[in-house]
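Worksheet: the structure to be examined is printed underneath.
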Ligand SMILES: [Zn+2]
Ligand SMILES: [Zn+2]
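Written out as structure tokens, the structure is:
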């Protein structure tokens, strides 16, 4: 555990890459673009999964599991879908290895070539809608509300831990409905669930909005998204929910008999969040000393470090600590008592700062004599001395207060980084010098959107759900516009 | 939902295949050998996962995630390991699709060939030990106790839902230790955890034992297993735990500095159970009417079916039911109140029998008048009338009693199907006419084991952990033997 973390102000990108590895969240593997998620990082992901899974089930969804492999012909059935994913597909072509006849080693057996290549799923719409065809005959079979926790593969050329990896973990919801309205409502509901998860669990403020045609999911009619802002002023898409219309029902011939006895095409949605959220979590809250974790997702919420000389002092502290640990655990607080004698307290302090443990208690001989603890909170780095009989209440207060405080800090930053501009020069100036979201008029054409992207690297992150009608002119073309949209450079 | 289930006595194998599909557990997908696990089946798997995950964590293990892909060269590093898996590997050779130049459709882009082929993991020892090399320097870094929940692929030619599929879900534990004794103790501990899970949660009695050299995991020094017995007299391996010695440490050069300052090779274990357990669960308890599920793993523990004419009666019943549902849920009982008016009670009764719901309550006008419920238990199909004020206690009793009863039934069957034989004729006669485990003397050689397998299809399932020393002679060769082993035909 080394504290030599690059400062955010020096090199934000390097700071992130180092922090993810040093805080034991993840590391690169020997397989290009694929990461190893280490136990500490995976424990955060498990907490995310548990909270999301509960929300999905509370809204009537069930989990299921569909195949990892997608026959090439399935992927090809929805034209814009295959166009979106063809360039980054891992393709299985053979099903056997063998010893080379010249004894030179193990080779792919040329006799074991698949008749049809299989694609490692980049997303599962095609295999799932091929299955739904068998499940849906009548309106009584609808809606189908299914979620899957799975790994997916997109062969990205430039990868970064959590943010862009060839393999990542995610959940993908796939629902089937009898009416358009119901499907649209589902897509909106899931965007709202993602927003509530991001804000209340991750403490990451997000803007809910709609993607432009260019930025939509391959195969969607409408893509809803939540967009977060990182400390370097770049946006990060944290979750998407797609209204797919009848595109996949058409491609896979999925029809149902309506109450009125007519044959109709089924309406679809899909929605997902991934281990990318880990990147958003790290980049939103952490500082130059390491991770800052929201208490709701921290694998260790409270760490207790004894400060002692010799076994007798340690034993006395351990005895004092035992009932506190028990009481906190009974209240559902995750506590670690670090009594390792192979490391000094200062080393431990630095380690738990690096790992973002929200609350640290220290207890030494003076505290033993006075019946106190030293309490340090990770978000503000403030320390205070607390009486033993007030410590449990203090911890409960701090767990809530830290959760609120880091959300508020991130929200303040975000609010201070939404800038309205009226022309292209202003746009470029803000983008270059301030960053963040830029609220500007746009003429609504993909051409303008692309020119702005090519010239500035900024993309339209979303048309906010709560956008106000406002007449204006496009910053690039001067053509009329009826509302502002949000631009930003993005991860 | 059709009840035309083949009887076990007619065709056990067909009964199983039909039941898995009709009870909505799983079905075959459009991808050869890969299954779709349907929501009802997945809900059982989730309960299995939750129970196992708790046991793993209580014994100090943490979850992590390693890449789906394994470079071919990694797989080749441990000689017996690659030999064991080479024949059934899904191989990724390309990373891009493109539109064919003649416009005929989407093809694999020949320009996007990988330099080194990637194998979709059949198991993860190689990629994990390649990672552990970076994590282990000193004895202070040991032990490493990691588990992974993941999908794996073994290209089986003949597949059956849950029992043998090209892709399956599992957990794989991979631990690293400073000493041989510690690694052996870990492998034994995990066998014991698997046995406790099988018996106390799945209600499936198992025999703990050691595999013979022939049946060992590819790369293991010793394979511990738990073996269950299905109702057709065939055995099913329900979990394995491997002591891997220093084989993978050697192959991946993983050494540590001991307390004494010496460089030593690390000791390893790995252990896993998979969705195969779903097959064992179905085949152990179910009957000609459908699934029989142990209450601890049943997604719905209690179903309540109203029997009514008209909305007024239904409303009155619903009102009567509401506080009961609430009380049961508060006690952690999973209850479904099926008030669908699109299906008749008789249809619903058959459906929940098929799906193995442990307890069914029915309530009609007479019950309303008398303040009673009709209670039916799925395992014995017994019905009785219970007073409303005794219903909660009755349900709590039944949930425990059904769990115990189906275990006892399976245990009785198993105990009645372990037969000691003294010669090869007896062996073949029992195998043919009675089935089950056959306890017999064997001369300890792979040659004898193989001859018996070729001649009878029976394999040595295990050398039981609690085997008694007993001098005897091999049933095939007449050579001396020091203890009996268990043979059976197996899944
Ligand atoms: Zn919440
Ligand atoms: Zn248990």
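Protein chains in written order, with the working numbering: chain W, 1 to 491; chain C, 1001 to 1491.
Backbone N, C-alpha and C define an ideal beta-carbon position, used for all residues, glycine too.
So, for residue i: in the same chain, excluding its five sequence neighbours on each side, which residues have a beta-carbon less than 6 Å away from its beta-carbon?
i: residue 1087/C; result: none
i: residue 1/W; result: Note on residue 1/W: pLDDT 46, under 50, position unreliable in the model; the coordinate value appears next. These residues qualify, in order along the chain: 351.
i: residue 348/W; result: 305, 338
i: residue 1492/C; result: There is no way to answer for residue 1492/C, as the model of chain C reaches only from 1001 to 1491.
i: residue 1285/C; result: 1292, 1406
i: residue 63/W; result: 147
i: residue 223/W; result: 211, 216, 217, 240, 242
i: residue 232/W; result: 12
i: residue 1414/C; result: 1205, 1229
If I measure Cβ to Cβ from residue i and keep anything under 7 Å in the same chain, skipping five residues before and after, which residues do I get?
i: residue 1070/C; result: 1118, 1119, 1121, 1126, 1127
i: residue 479/W; result: 443, 473
i: residue 1372/C; result: 1385, 1386, 1387, 1388
Please list, in chain order, the chain W residues whose beta carbon lies closer than 9 Å to that of residue i.
i: residue 1488/C; result: Simply none; closest approach about 30 Å.
i: residue 1291/C; result: Here the premise fails: no neighbours, minimum Cβ distance about 17 Å.
If you run the structure through DSSP and keep just helix, strand and coil, what is residue i?
i: residue 1080/C; result: helix
i: residue 471/W; result: coil
i: residue 36/W; result: strand
i: residue 156/W; result: coil
i: residue 321/W; result: helix
i: residue 1253/C; result: coil
i: residue 1455/C; result: helix
i: residue 1202/C; result: coil
i: residue 406/W; result: helix
i: residue 1148/C; result: strand
i: residue 1020/C; result: helix
i: residue 1001/C; result: Low confidence applies to residue 1001/C: its pLDDT is 47, below 50, so where it sits in the model is not reliable, and the reading given next is rough at best. Reduced to three states, the DSSP call for residue 1001/C is coil.
i: residue 66/W; result: coil
i: residue 128/W; result: helix
i: residue 476/W; result: coil
i: residue 1345/C; result: helix
i: residue 168/W; result: strand
i: residue 173/W; result: strand
i: residue 1388/C; result: helix
So with CB distances below 9 Å, who are the chain C contacts of residue i?
i: residue 130/W; result: 1029, 1030
i: residue 86/W; result: 1096, 1097, 1098, 1099, 1106, 1109
i: residue 155/W; result: 1095, 1096, 1112
Shortest alpha-carbon distance to residue i belongs to which of the options?
i: residue 252/W; options: 53/W, 340/W, 134/W; result: 134/W
i: residue 41/W; options: 472/W, 357/W, 367/W; result: 357/W
i: residue 1146/C; options: 1220/C, 1130/C, 1037/C, 1057/C; result: 1057/C
i: residue 1276/C; options: 1004/C, 1349/C, 1026/C; result: 1026/C
i: residue 1090/C; options: 1065/C, 1464/C, 1272/C, 1151/C; result: 1151/C
i: residue 66/W; options: 1453/C, 1165/C, 1423/C; result: 1165/C
i: residue 1168/C; options: 1274/C, 1221/C, 1428/C; result: 1274/C
i: residue 1143/C; options: 1193/C, 1440/C, 1132/C; result: 1132/C
i: residue 461/W; options: 469/W, 471/W, 450/W, 192/W; result: 450/W
i: residue 488/W; options: 418/W, 476/W, 445/W; result: 418/W
i: residue 493/W; options: 330/W, 355/W, 249/W, 345/W; result: The requested residue 493/W is not part of the displayed model; chain W covers only 1 to 491.
i: residue 1250/C; options: 1452/C, 1079/C, 1478/C, 1446/C; result: 1079/C
i: residue 342/W; options: 333/W, 364/W, 308/W; result: 308/W
Mind listing the chain C neighbours of residue i? Cutoff is C-beta to C-beta under 7 Å, in chain order.
i: residue 117/W; result: 1108
i: residue 123/W; result: The premise fails here: residue 123/W is roughly 14 Å from chain C at the closest Cβ pair, so nothing lies under 7 Å.
i: residue 46/W; result: 1063
i: residue 140/W; result: 1342
Which residues in the same chain as residue i place their Cβ atom closer than 8 Å to its Cβ, once the five residues preceding and following it in sequence are excluded?
i: residue 394/W; result: 375, 386
For residue i, which residues in chain W fall below 8 Å Cβ to Cβ?
i: residue 1146/C; result: 39
i: residue 1074/C; result: 30
i: residue 1167/C; result: 67, 68, 69
i: residue 1474/C; result: Within chain W, no residue comes near residue 1474/C; the closest Cβ sits about 34 Å away, beyond 8 Å.
Which residues in chain C have a C-beta closer than 8 Å to the C-beta of residue i? List them in chain order.
i: residue 120/W; result: 1068, 1092, 1120
i: residue 43/W; result: 1062, 1063
i: residue 82/W; result: 1097, 1106
Q) Is there contact between the stretch 1260-1275 of chain C and the stretch 1170-1188 of chain C, where contact requires at least three CB pairs shorter than 8 Å? A) yes
Q) Would you call the stretch 139-147 of chain W and the stretch 252-267 of chain W touching, i.e. three or more CB-CB distances under 8 Å? A) yes
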